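Numbering (the working numbering), first residue to last: 28 to 463.
Just so it is clear, CB atoms sit at the ideal spot from N, CA and C, and this is done for glycine as well.
Only a predicted model underlies this, so the values are computations on that prediction, with no experimental measurement involved.
This report concerns only the one structure given below.
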Ligand SMILES: [Zn+2]
C-alpha cells in the first residue's frame with residue numbers, strides 16, 4: 028500500500044509567522060503511518076554479497092518511496108540501478124539558499140531478522156515492562172533502556188518479539204518522507220532546494236560506495252540516524268583495520284625440540300598481552316580501543332585481525348604501535364619467528380571536515396531548539412554514512428531519529444520522538460532560508 032496525499036488532512040494553510048511555530052499543533056503528521064508500513068518490508072543487507080545493492084529486496088522499499096514521493100508531487104524522484112533513491116524538493120524562495128540534503132538508510136542490520144516484522148503501538152506508556160507477545164522472554168524494561176524514562180505518556184512502537192523493528196533507520200526514512208509531504212503541502216514554509224537521499228547497505232559499511240555526489244550537488248547534509256530526541260552528532264570514531272601476520276617455524280612434532288616456533292602459540296601470547304584497559308569491553312565515552320576480531324592459522328603462519336578505534340588520528344597510530352610493541356616483546360623468546368603488521372584506513376572522524384563549516388551544526392542545534400527540545404551535541408562510538416560523505420565533499424551531521432536498542436528484538440521508537448524529528452527537519456529548511 029502506498030500513501031497518497033489525499034489520505035491526510037491539511038490543517039493549516041496561511042501561517043505567516045512560522046519561526047517559532049510549534050508544528051505539532053498545526054500540522055497533521057504522517058510519519059507514524061509511513062513508518063508502520065515501511066517496517067513490514069524486509070530490507071536486510073548481506074555482508075557476504077558482492078552485488079549492489081547487496082540484496083535485491085532493498086529495492087522494494089526504494090520503489091515504494093519513489094511512488095509515494097511522486098504522488099506527493101516530488102516529480103524527479105527515482106531509484107537508480109544500485110538501489111539509491113534521489114529526489115529534489117525545488118526551492119520556493121527568491122533567495123539564493125545553499126542546497127541541503129537529508130539522508131537515511133533503507134537497509135536493516137544482518138545481526139537480527141527483519142523478515143515478517145509485526146509492529147505494535149503501545150499507547151500512553153506508563154513505565155510498565157513491555158512484554159513482546161511472540162516471544163514473552165523478550166521484555167523491554169525501563170531499567171535496561173535508560174531513555175524510556177523520558178517516554179512516559181508517549182506511544183512506544185516495538186516489534187513482536189521474533190524480529191528487530193527496523194527503526195534503524197526506517198524511522199529516519201519515515202521522518203524525511205513526512206517532511207517532504209509537509210514541505211510540498213505548506214508552501215508558506217520557505218526553503219531552498221532540498222535534496223533527498225535514501226541509501227542501501229549502510230549496515231554493512233557500503234552505504235555510500237555508489238553514491239553520486241555530483242548528482243546530489245548539495246552543500247551540506249544531515250543524516251537522520253541518531254538515537255535520543257534532541258541529540259546531534261558531529262563526531263565519529265576514526266577507524267583502522269590492522270592485520271598482524273606471524274611467521275613461525277614448523278617442524279615434525281616428534282623432532283621439534285629446540286626448533287619449532289609455533290605461530291599459533293605466538294598469536295595466543297600476543298592476544299593475551301593486549302591491555303585490558305584498551306579493550307571495547309572496558310572503554311566508553313571518548314576512549315579508544317584495540318579489538319581482535321578474528322584469528323586463524325597453523326604452526327607456520329598465523330594471522331590476527333584487529334579493528335582500532337579512537338577519536339583522534341594520532342592516537343590511532345599509538346594504538347597500532349602498541350600492537351607492534353607487544354609483538355616485539357613476545358618475539359624476543361622466538362628468535363626464528365618474524366611478523367608483519369599491515370594497517371589499513373577504514374574511515375576518519377568527520378569532525379575534521381565539519382569544523383570547517385560551523386554554520387551546519389549551528390543551524391542544526393537551532394532547529395532542534397525551535398522544535399522545543401534540549402539540543403545536545405554528542406559523538407558516536409562508531410561510523411555513519413555521514414562520516415564518509417563528509418570526506419567525499421558533503422559535510423554531514425547526524426541528527427536524532429528516535430531509534431533505540433537497534434539491531435535487536437527489543438528495538439523501539441516513540442511516535443512523539445519521530446514527530447519531533449519531522450519538526451526539526453522543517454525548522455532546518457526554514458533556518459537555511461532565513462539566514463541566506
Ligand atoms: Zn543506522
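contact_flag[the segment 162 to 171, the segment 108 to 116] where n(CB pairs < 8 Å) is 3 or more: no
Cutoff 6 Å; reference residue 189; Cβ partners in own chain excluding five residues on either side: 161, 162
First and last residue of the uninterrupted beta strand (DSSP E) at residue 440: 439 to 441
Contacting residues, own chain, Cβ-Cβ under 6 Å from residue 59 (five flanking each side not counted): 442
Cα-Cα separation between residue 191 and residue 172, rounded to whole angstroms: 16 Å
N- and C-terminal bounds of the alpha helix (DSSP H) containing residue 80: Run containing residue 80: none; DSSP gives neither H nor E here.
Rounded separation between residue 294 and residue 368 - CA only: 13 Å
Of the residues 230, 227, 408, 426, the one placed nearest residue 315, counting alpha carbons only: 408
Identity of the residue in 170, 154, 257, 284 nearest residue 182 by Cα: 154
Within 7 Å, strictly: CB atoms of residue 364 and residue 275: yes
Same chain, Cβ closer than 8 Å to residue 105, neighbours up to 5 away in sequence not counted: 93, 112, 113, 114
For residue 135 and residue 362, the rounded distance between their alpha carbons: 49 Å
Status (buried if at least 16 other CB within 10 Å, exposed otherwise) for residue 193: buried
Backbone CA spacing between residue 272 and residue 328 [nearest angstrom]: 7 Å
Inter-stretch contact (C-beta, 8 Å, three-pair minimum) for the segment 419 to 435 and the segment 244 to 259: yes
Spatial neighbours of residue 445 in its chain, beta-carbon cut-off 6 Å, leaving aside the 5 residues before and after: 58, 198, 202, 429
Identity of the residue in 139, 206, 457, 288 nearest residue 325 by Cα: 288
Every unbroken beta strand (DSSP E) inside the segment 321 to 377 [3 residues or more]: 328 to 337, 365 to 374
Where residue 202 sits in the DSSP three-state scheme: helix
Alpha-carbon to alpha-carbon, residue 95 and residue 29: With a pLDDT of only 32 at residue 29, under the threshold of 50, the placement of this residue in the model should not be trusted; the figure read from the coordinates follows. Distance between the alpha carbons of residue 29 and residue 95: 6 Å.
Presumed contact (8 Å Cβ cut-off) between residue 256 and residue 63, rounded CB distance: Between residue 63 and residue 256 the Cβ distance is about 19 Å, and since that is not below 8 Å, they are no contact.
Bounding residues of the beta strand (DSSP E) (the contiguous stretch that carries residue 226): 221 to 226
Residue 77 burial status per 10 Å Cβ neighbour count (16 or more: buried): exposed
Proximity test, residue 196 beta-carbon vs ligand 1 heavy atom, cut-off 6 Å: yes
Per DSSP, cross-strand counterpart(s) of residue 74: Answer is none; residue 74 lacks a bridge partner.
For residue 115, three-class secondary structure by DSSP: strand
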